[in-house]
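A.B. asks:
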Amino acid sequence: MLNLGLDILGLARFQFGMTTVFHFFFVPFSIGLAFVVAVMETMYAIKGDKDYKKMAQFWGKMFLYSFAVGVVTGIIQEFQFGMNWSEYSRFMGDIFGAPLAIEALAAFFLESTFIGMWMFTWDRFNKWVHTLFIWLVMFGSSLSALWILAANSFMQNPLGYIINQKTGHVQMVSFGKVVGNPQLWNEFPHVIFGAFVTAAFVIAGCSAWRLLKKDHVTFYRKSLNVALVIGLIFSLGSIASGDLQTRYLINNQPMKFAAMEGLYKNSTNKGEWAAVSGFDTKQHKTTWSVDVPYVLNLLSFHKTTGTVKGMNQVNKDMHAKYDKKFGSDMNYYVPTKTLFWSFRIMAGAGALFALLAIVGLIFNRKRSQLIMKQRWFLYILGLCLWLPFVVNTAGWFVTEFGRYPWIVYGLLTIADAVSPNVSVASLLTTNIVYFAMFAIMGLIMIILCHRTLKAGPDAENTDGYSAGDTKELDPYSKGAFNHD
Amino acid sequence: MTSLQLLWFILIGVLFSGFFFLEGFDFGVGMLVKSFAKTSDERDVVIKTIGPHWDGNEVWLITAGGAMFASFPMWYATLFSGFYLVLFLILAALIFRGVSFEFRANMKTDTWRNFWEWAATIGSFCAAFLFGMLFTAMIAGMPIDKNGDMTAHFGDYVNLFSIVGGVAVTVLCLVHGLNFMRLKTTGSLRDRALAWNKILYPVLFAGEVVFAILLFFSTDFFAKKPMTTTAIVVALVIFTVLAYWGVLGNHEWLSFIGSGLSLISVVVLIFNGLFPRVMIANNPANSLLIKNSSNSPYTLHLMTILTFSILPIVLIYFIWSYWVFYKRLASPKQSA
């Protein structure tokens with residue numbers, strides 16, 4: 021075998037990162053779209069305005085594409101724990117298995133069954149019942165996020181367990197504590213709000229591009245309005261929940277927090293906050309920075325005084341705490357630059373989303389034509405449809421890279437978790453093939469969404485039927501059945 | 003072995019049974035997209051028969067995997083890391099066939115529609131074959147070390163026995179899919195499904211006989227549990243005969259239930275033979291056992307309560323969704 025400097029650990033980590041990032045393009049998009057579409061259909065049910073039905077059907081198409089890709093990449097995620105991380109699976113099975121199984125049982129069945137119902141029964145059920153289907157899908161997909169985050173939260177902040185003395189594996193002693201983990205209740209709202217923001221700004225962005233072409237103006241202005249109201253509420257929600265989550269880290273994962281703020285040295289009482297900065301990660305020091313006084317304390321403690329531990333101090337503390345069990349050659353520094361910049365992208369984008377939503381709602385008032393005149397704004401909105409995906413990825417970068425070197429915080433290192441029996445060749449092959457498959461699927465997703473957008477809301481629903489047909493027929497409408 | 007461990011061993015068997023019963027016809031229908039369906043219209047109908055369901059059917063696999071992780075993590079870890087490449091190919095097949103239905107419907111050129119039709123067909127064939135191969139290889143015994151790590155080589159899981167097992171499962175899924183088509187379509191598709199099954203059933207019988215002979219030589223099933231193993235193999239053949247009878251006499255429900263039960267018999271055969279092990283090692287000392295592969299009693303207890311409170315609700319709406327779509331489908335061009 022050629023020595024390419026590749027090892028099992030690096031490849032397995034790359035694969036997990038790649039699969040998670042790709043999967044998580046579609047998860048928040050699907051959860052968010054389910055919510056936005058459900059809101060649209062509910063408005064149709066209440067107001068009886070056919071435009072809202074059309075909106076639900078039109079944006080619902082993108083939801084269906086995204087859902088299909090989300091499902092298939094999700095299976096990789098589930099299998100991957102056993103395939104690439106068998107030692108982790110053995111160690112964590114007692115904790116991790118339960119949320120995963122409940123996720124499948126309670127959430128996946130719900131969403132997959134009712135998405136089929138929603139897709140194929142537009143004309144068969146009363147509009148309220150049909151609306152209920154999409155709410156059930158939305159509820160199911162949010163529930164699945166809750167359970168998988170419960171597992172992730174244990175990895176960030178283990179609670180409700182003991183170590184089995186015989187096997188050395190974790191063992192659950194309190195399900196209540198696993199589910200009541202404060203980390204989970206900080207993380208879950210943030211992820212869900214982020215999902216709503218994702219869908220809202222994709223819809224807003226797509227609508228903006230069509231408005232620039234003066235296409236279906238009423239339809240897209242209405243869509244824009246729904247999207248921006250949702251976008252405003254939940255971008256503010258994201259900022260608030262993000263603030264809670266970040267402040268929780270100060271005591272709970274001080275290394276992650278210090279890296280997010282780029283602090284090598286302990287902060288002074290003046291609370292200087294680096295807006296931007298350069299790092300020498302080998303020497304563990306900051307080379308330059310643009311500091312603003314007091315902001316760090318305002319962000320961390322919501323007051324002007326206080327101090328935060330820097331990474332060098334946290335590193336010492338961690339060596340003192342863990343050396344006995346894990347040895348003194350551990351490196352507790354996390355990838356500082358990645359965390360620092362990811363955090364800034366995330367926080368900056370959160371503020372930008374809120375601002376765009378406010379300006380957009382003002383421009384898009386019912387009697388005003390401002391939105392059509394302010395073309396620069398539509399261009400910005402159009403470009404920002406890609407931003408939520410960057411932001412979601414940045415968020416997971418902070419969460420997951422910030423956990424380094426642990427896979428389960430303080431209990432198991434990433435290096436000890438990998439499958440020992442899987443070869444570099446296998447991992448390299450699967451990495452390349454997955455990468456190619458993800459690239460193809462991502463590309464097709466973009467093409468399909470673009471095409472759907474171009475075809476417009478009046479296009480016939482081609483789902484399952486070839487375009488050349490003389491007569492398109494809903495396969496489950498009355499006319500399609502032969503009774504015998 | 004505690005009763006909870008036994009219960010979960012059975013439950014995993016039940017989940018895999020559900021998976022093979024449901025995804026079995028789903029795979030079968032997928033295989034029919036090319037060659038069986040002659041026109042684009044027919045393909046639309048073929049895909050539509052599973053359109054609202056394939057997703058939910060696949061959740062049975064996800065649940066089985068999750069339940070395995072939640073109850074027997076040692077089994078999950080050994081099986082999934084050991085059959086690495088087989089599972090990787092299964093994933094690739096499931097992904098391609100999974101997205102193919104949605105993508106095909108939205109392709110504008112015939113070339114691309116054709117591409118996704120092939121993806122559905124080949125993906126379904128490969129998934130069924132590989133599942134059959136994996137489980138056959140698993141019961142033949144694998145090189146597993148003391149830590150439970152399996153280091154199988156190509157020949158360990160690709161050999162005569164596993165290939166026959168793979169082919170048998172593929173044909174079973176195919177006839178099951180055709181029996182499903184007979185229930186869900188009308189006219190030419192329905193007739194053709196019947197005609198195909200008239201030819202395929204004799205092939206399946208031959209496959210089952212060869213499989214049973216190889217099972218005798220390649221596994222310890224007949225040696226360790228002669229009575230139950232023989233009984234289940236006989237049941238498998240009887241269900242297949244019943245289904246074939248349903249083909250010859252054109253009793254559609256009988257055929258469908260028969261082929262579904264045949265698939266379930268295969269799962270029962272495997273789980274019966276595994277017991278009290280979960281993974282069979284070439285060196286019997288290293289086999290993973292039910293009693294030492296499971297989670298703590300606390301977690302098993304918790305999972306039991308949760309499963310028995312959630313599963314009934316799931317089953318109710320799952321079955322209801324089938325009832326909603328119980329009617330036959332016809333293509334718009336097909337005469338009534």
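Line by line, the protein sequences are chains A and B. As numbered in this note's numbering, residues 21 to 504 make up the first sequence, in order. As numbered in this note's numbering, residues 3 to 338 make up the second sequence, in order. Don't be surprised by glycine CBs; every beta carbon is placed ideally from N, CA and C.
1) For M281 of chain B, list the residues DSSP reports as bridge partners.
2) Against chain B, with Cβ distances strictly below 8 Å, would D483 of chain A count as a contact?
3) Do L316 of chain A and E292 of chain A have their C-beta atoms within less than 8 Å of each other?
4) Ordered along the chain, which non-local residues of its own chain (more than five positions away) have a Cβ less than 6 Å from that of M366 of chain A?
5) Measure the alpha-carbon distance for M229 of chain B versus L265 of chain B and round it to whole angstroms.
6) Compare the beta carbon distance of M60 of chain A and M75 of chain A with 8 Å and say whether it is the shorter of the two.
7) Closer than 7 Å by beta-carbon distance: list the chain B residues that pair up with M38 of chain A, in chain order.
8) In terms of residues, what are the limits of the beta strand (DSSP E) holding F85 of chain B?
9) Short of 7 Å Cβ to Cβ, which residues in the stretch 12-32 of chain B face chain A?
10) Hey, F224 of chain B and G15 of chain B are a contact pair by Cβ (cut 8 Å); roughly how many whole angstroms apart?
11) List the residues of chain A that L304 of chain B touches, going by C-beta distances under 8 Å, in chain order.
12) So, at 6 Å on beta carbons, what are the nonlocal neighbours of V296 of chain A in its own chain, with the 5 sequence-adjacent residues on each side left out?
13) Going along the chain, which residues of the stretch 61-78 of chain A sit with their C-beta nearer than 7 Å to a C-beta in chain B?
14) Check the C-beta distance from D114 of chain A over to T153 of chain B and give it rounded, since I have them as a contact under 8 Å.
15) Name the chain A residues whose beta carbon is nearer than 8 Å to that of D151 of chain B?
16) Pick from A:Q394, A:T301, A:N104, A:G225: whose alpha carbon is nearest that of T450 of chain A?
17) What is the rounded straight-line gap between the Cα of N64 of chain A and the Cα of K70 of chain A?
18) Does DSSP classify S309 of chain A as helix, strand or coil?
19) Throw me the rounded Cβ distance for the Q77 of chain A and F36 of chain A pair, which I believe falls under 8 Å.
20) Does any residue of chain A bring its CB to less than 8 Å from the CB of E104 of chain B?
21) Ignore the nearest five residues each way along the sequence and tell me which others in A195 of chain B's own chain have a CB closer than 6 Å to its CB.
22) I want to verify the contact list: residues of chain B whose CB lies under 8 Å from the CB of V91 of chain A, in sequence order.
23) What residues in its chain sit with their C-beta under 6 Å from that of L244 of chain A, if we drop five residues either side in the sequence?
24) Looking at chain B, is there any beta carbon in it that lies within less than 8 Å of the beta carbon of A542 of chain A?
25) Check whether the stretch 106-118 of chain B and the stretch 134-142 of chain B touch, using three or more Cβ-Cβ pairs below 8 Å as the test.
26) My assumption, with CB atoms under 8 Å, is that L372 of chain A sits in contact with V190 of chain A. Please give the rounded CB distance.
27) So if DSSP puts A294 of chain A in a beta bridge, which residue, or which two residues, is it bridged to?
28) Just the Cα atoms here: how many angstroms apart are L17 of chain B and S73 of chain B?
29) Tell me where the beta strand (DSSP E) around Y428 of chain A begins and ends.
30) Using CA coordinates, which residue listed in A:V47, A:D263, A:S320, A:W426 is at the minimum distance from V354 of chain A?
31) What's the call for A445 of chain A, buried or exposed, on a 16-neighbour Cβ count within 10 Å?
32) Can a CB atom of chain A be found closer than 8 Å to the CB of P286 of chain B?
33) Quick one: is F45 of chain A near chain B, going by C-beta distance under 8 Å?
34) Taking the CB atoms as reference points, tell me whether E107 of chain A and L169 of chain A lie closer together than 8 Å.
35) Name the residues in the stretch 307-326 of chain B whose C-beta lies less than 7 Å from a C-beta of chain A; which are they?
36) With H, G and I counted as helix, E and B as strand and the rest as coil, what does DSSP make of Y328 of chain B?
C.D. replies: For this structure:
1) Walking along the second sequence from the start, residue 281 of chain B turns up at place 279. Answer by DSSP bridge pairing, in chain order: B:L290.
2) Taking the first sequence and counting its residues from 1, the one referred to as residue 483 of chain A is at position 463. Unreliable placement is indicated for D483 of chain A, whose pLDDT of 48 sits below 50; the coordinate value is still reported in the next sentence. Closer than 8 Å: yes.
3) Counting from one through the first sequence, the residue named residue 316 of chain A turns up at place 296. Counting from one through the first sequence, the residue named residue 292 of chain A turns up at place 272. Taking 8 Å as the Cβ cut-off, L316 of chain A and E292 of chain A qualify as a contacting pair.
4) As a working mapping, residue 366 of chain A is identified with position 346 in the first sequence. Taken in chain order, the residues that qualify are V411, A414, G415.
5) Within the second sequence, residue 229 of chain B is the residue found at index 227, counting from 1. Within the second sequence, residue 265 of chain B is the residue found at index 263, counting from 1. Between M229 of chain B and L265 of chain B, the C-alpha separation is close to 20 Å.
6) Taking the first residue of the first sequence as position 1, residue 60 of chain A is located at position 40. Taking the first residue of the first sequence as position 1, residue 75 of chain A is located at position 55. Contact flag set, yes.
7) On the first sequence, residue 38 of chain A is found 18 positions in, with the first residue counted as 1. Simply none; closest approach about 14 Å.
8) Residue mapping note: residue 85 of chain B aligns to position 83 of the second sequence, counting from 1. No beta strand (DSSP E) contains F85 of chain B, which DSSP labels as neither H nor E.
9) none
10) To locate residue 224 of chain B, count along the second sequence from 1; it is residue 222. To locate residue 15 of chain B, count along the second sequence from 1; it is residue 13. Incorrect: roughly 20 Å between the Cβ atoms, too far for contact.
11) Residue 304 of chain B sits at position 302 when you count from the first residue of the second sequence. By Cβ distance, chain A contributes A118, M192, F195.
12) As a first step, residue 296 of chain A is located in the first sequence; it is residue number 276 there, counting from the start. So the list reads V310, once near-sequence residues are dropped.
13) none
14) Position 94 of the first sequence holds residue 114 of chain A. Position 151 of the second sequence holds residue 153 of chain B. D114 of chain A to T153 of chain B, Cβ: 26 Å. No contact.
15) Taking the second sequence and counting its residues from 1, the one referred to as residue 151 of chain B is at position 149. The contacting residues are S106, S439, P440, N441.
16) Within the first sequence, residue 450 of chain A is the residue found at index 430, counting from 1. Per the Cα distances, A:N104.
17) Here the question's residue 64 of chain A lines up with position 44 in the first sequence. Here the question's residue 70 of chain A lines up with position 50 in the first sequence. The question names Asn, but residue 64 of chain A is Tyr in the sequence shown. Cα-Cα distance, rounded: 6 Å.
18) In the first sequence, residue 309 of chain A corresponds to position 289, counting from 1. Three-state result, S309 of chain A: strand.
19) Sequence index remark: in the first sequence, residue 77 of chain A carries index 57 (1-based). Sequence index remark: in the first sequence, residue 36 of chain A carries index 16 (1-based). Going by Cβ atoms, the distance from Q77 of chain A to F36 of chain A rounds to 37 Å, so no, they are not a contact pair.
20) In the second sequence, residue 104 of chain B corresponds to position 102, counting from 1. True, the Cβ-Cβ gap to chain A drops below 8 Å.
21) Reading the second sequence from its first residue, position 193 is the one you call residue 195 of chain B. So the qualifying residues of the chain are L180, M183, R184.
22) Mapped onto the first sequence, residue 91 of chain A falls at position 71. Result: D57, E60, G100.
23) Here residue 244 of chain A is taken as the residue at index 224 of the first sequence, counted from 1. Taken in chain order, the residues that qualify are A224, S227, N384.
24) Given a span of 21 to 504 for chain A in the structure shown, any question on residue 542 of chain A remains unanswerable.
25) no
26) Here residue 372 of chain A corresponds to residue number 352 of the first sequence, with the count starting at 1. Here residue 190 of chain A corresponds to residue number 170 of the first sequence, with the count starting at 1. 41 Å between Cβ atoms; not a contact.
27) The residue labelled residue 294 of chain A in the question sits at position 274 within the first sequence. Answer is A:D311, bridged to A294 of chain A.
28) Position 15 of the second sequence, counted from the first residue, corresponds to residue 17 of chain B. Position 71 of the second sequence, counted from the first residue, corresponds to residue 73 of chain B. Taking the straight line from one Cα to the other gives about 13 Å.
29) The sequence position of residue 428 of chain A within the first sequence is 408, counting from 1. With the sequence shown as reference, residue 428 of chain A is identified as Val, and Tyr is not the correct amino acid for it. Its beta strand (DSSP E) spans residues 426-428.
30) Counting from one through the first sequence, the residue named residue 354 of chain A turns up at place 334. Residue A:W426 is the option with its Cα nearest to V354 of chain A.
31) Counting from 1 along the first sequence, the entry for residue 445 of chain A is found at position 425. The residue in question, A445 of chain A, is exposed, as its Cβ has fewer than 16 Cβ neighbours within 10 Å.
32) Locating residue 286 of chain B in the second sequence gives position 284, where the first residue counts as 1. Chain A, which has no Cβ nearer than 8 Å to the Cβ of P286 of chain B, makes this no.
33) As a first step, residue 45 of chain A must be located in the first sequence, where it is residue number 25. Closer than 8 Å: no.
34) Your numbering for residue 107 of chain A matches position 87 in the first sequence. Your numbering for residue 169 of chain A matches position 149 in the first sequence. It is not a contact, given that the beta carbons lie outside the stated cut-off.
35) L308, T309, I312, L313, V316, Y319, F320, S323, V326
36) For the purposes of this step, residue 328 of chain B is taken as the residue at position 326 of the second sequence. Coil at Y328 of chain B, not helix or strand.
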